[in-house]
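Here this note's numbering is used: the first residue of the sequence shown is 101, the next is one more, and so on. A quick write-up on the structure given underneath.
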Amino acid sequence: MQRFSECFARTAIGRRAVQAYRGIAQFCNLDTEQSFDGWSRSRFRLIGNSVVAQSVLPRPKLNEMIGVNVGFGLAIAFGVAISAKISGGHINPAVSLMFLSFRQLAPVRFILYTLVQTAGAFVGSALSYALYHEAINQFDGGVRTVVGPKGTAGIFASYPANHLGLFNGLIDQIIATAVFCFLIAHITDKRNSYPTWLQPQLIGLSFVAVGAAFGYNCGYPCNPARDFGPRLFTFIIGYGGDVFSYKSWFWVPIVGPFIGALIGAWLYQFCIGFHTPQDAEEKYVVLTGNQELKPLTGKE
């Protein structure tokens, strides 16, 4: 059988078959990275939407704001941990843009990552809707509304609080995402020597902190895919055009996070990154008494 395969590979048809196979394999390898990031995004969105659903639908609430923050943080931590070795664990186009600006991600891959992350958020929202469909019907009587006493669109995408205008909302998203990406840039900088197994947990905790600090205005989306994919899903299943027209809000959680990601990432580089020693082996210990903090060189 092996000899037959070798003979077939030498023929014209065999050579073309081998070339086609290699091309498909190469394409699938590229696609696997993006698909893994997208599926991680769908799992994150499934958990995130479900956490919010348990805050909105039951009376009394099963989740308060702190529960929502912790749930989202854990979802991000596990999503990053699962996909980190395959796709880098971005699960966020704003984070992908940050690494693109660092020249650690090719433009084509950034576009593909953004598309599959958005698709993953769409799928995650569909799964969450399937899980809580009957509970939503009981809550709103089968009449889908975006906001108000019976509004349930906020389970899936972000909407501004009554007091929030567009400009303030844009500033909110820029600052919140800048803080988040500043922390990610610090955690993932190899010069800071964070263990790879610890990085997903720290990124998840960073998002818990962002939610605790910036959740009041609009629910801290900080992620274009996390907002647009579910928003598109709610438009399709019957919430109507209000999901895009309400207060002309829909573009804010798309544009704001992209701007904030670049600001936060490069603020880290200019304030800390460019001043951090390049030697990754250099380590520091804190000594007691009147002794000084000094590098360990192995010669002490």
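We put the CB at the ideal spot given by N, CA and C, even for glycine.
Name the two residues that bound the continuous alpha helix (DSSP H) containing residue i.
i: Gln-66; result: No statement about residue 66 is possible, as the shown extent of the chain runs from 101 to 400 and does not include it.
i: Ser-416; result: A question about residue 416 goes unanswered here, because the residues of the chain that appear run from 101 up to 400.
i: Gly-188; result: No alpha helix (DSSP H) holds Gly-188; DSSP gives it neither H nor E.
i: Tyr-320; result: Where Tyr-320 is concerned, there is no enclosing alpha helix (DSSP H), given that its DSSP letter is neither H nor E.
i: Glu-234; result: 207 to 240
i: Ser-345; result: 342 to 345
i: Asn-268; result: 266 to 288
Nearest to residue i by alpha carbon, out of the options?
i: Trp-297; options: Gly-189, Asn-169 and Phe-172; result: Gly-189
i: Ser-196; options: Asp-327, Cys-281 and Tyr-316; result: Cys-281
i: Val-269; options: Asp-289, Gly-319, Leu-332 and Ser-228; result: The residue you asked about is not Val; residue 269 is Gly in the sequence shown. Gly-269 has its Cα closest to that of Gly-319, out of Asp-289, Gly-319, Leu-332 and Ser-228.
i: Leu-174; options: Trp-349, Phe-328, Leu-302 and Leu-332; result: Leu-302
i: Tyr-402; options: Gly-254, Ser-293, Leu-212 and Ala-361; result: Any question about residue 402 goes unanswered here, given that the chain covers just 101 to 400.
i: Phe-178; options: Phe-344, Ile-147, Leu-266 and Val-152; result: Ile-147
i: Ala-285; options: Ala-184, Phe-202, Val-156 and Gly-338; result: Phe-202
i: Asn-149; options: Phe-344, Gly-220, Ser-183 and Val-208; result: Gly-220
i: Ala-312; options: Gln-154, Ala-153, Leu-157 and Met-165; result: Met-165
i: Leu-157; options: Pro-295, Leu-227 and His-233; result: His-233
i: Ala-276; options: Lys-161, Val-355 and Gly-340; result: Val-355
i: Thr-245; options: Phe-370, Ile-337 and Gly-360; result: Ile-337
i: Leu-227; options: Gly-360, Ala-153, Gln-369 and Gly-304; result: Ala-153
i: Gly-251; options: Gly-315, Ile-287, Val-208 and Ser-155; result: Ser-155
i: Gly-304; options: Val-151, Lys-161 and Val-180; result: Val-180
i: Ile-182; options: Pro-300, Asp-272, Phe-267 and Cys-322; result: Pro-300
i: Val-247; options: Phe-222, Lys-290 and Tyr-339; result: Tyr-339
i: Gln-403; options: Val-352, Arg-291 and Ile-186; result: In the structure as shown, the chain starts at 101 and stops at 400, and residue 403 therefore has no counterpart that could be examined.
i: Thr-288; options: Val-151, Gln-204 and Lys-161; result: Gln-204
i: Leu-266; options: Pro-295, Lys-347 and Ile-186; result: Lys-347
i: Phe-256; options: Pro-249, Ala-184 and Phe-335; result: Phe-335
i: Gly-315; options: Gln-273, Asp-342 and Ala-325; result: Gln-273
i: Gly-360; options: Gly-341, Phe-344, Cys-322 and Trp-351; result: Cys-322
i: Pro-295; options: Val-223, Ile-363 and Ala-184; result: Ala-184
i: Ile-47; options: Val-151, Pro-160 and Lys-161; result: With the chain covering only 101 through 400, there is no way to say anything about residue 47.
i: Val-352; options: Pro-160, Ile-271, Leu-362 and Ile-186; result: Ile-271
i: Phe-358; options: Val-223, Gly-241 and Phe-210; result: Phe-210
i: Lys-161; options: Ser-345, Ser-293 and Phe-239; result: Phe-239
i: Phe-222; options: Ile-191, Ile-186, Leu-283 and Asp-342; result: Ile-191
Return yes when at least one heavy atom of the ligand FAD lies under 7 Å from the C-beta of residue i, else no.
i: Cys-371; result: Of the ligands one can find in the structure shown there are none, so the ligand FAD has no counterpart to examine.
Thinking residue i and residue j are a contact (beta carbons under 8 Å), I'd like their distance in whole angstroms, please.
i: Trp-366; j: Pro-260; result: That pair is no contact at about 27 Å.
i: Leu-264; j: Asn-317; result: 5 Å
i: Ser-225; j: Asp-327; result: Rounded, the Cβ-Cβ distance is 11 Å, inconsistent with contact.
i: Pro-324; j: Pro-207; result: With 8 Å as the limit, Pro-324 and Pro-207 do not qualify as a contact, their Cβ atoms being about 17 Å apart.
i: Ala-235; j: Gly-364; result: That belief does not hold up - the Cβ atoms of Ala-235 and Gly-364 are roughly 37 Å apart, past 8 Å.
Within the chosen definition, does the region 164 to 178 reach the region 301 to 309 through at least 3 CB pairs nearer than 8 Å?
yes
Below 8 Å, can you find three or more Cβ-Cβ pairs linking the region 197 to 215 to the region 331 to 343?
Touching, no, given that fewer than three Cβ pairs across the two stretches are closer than 8 Å.
Inspect the CB distances between the region 208 to 219 and the region 360 to 377 and report whether three or more fall short of 8 Å.
No contact exists between the region 208 to 219 and the region 360 to 377.
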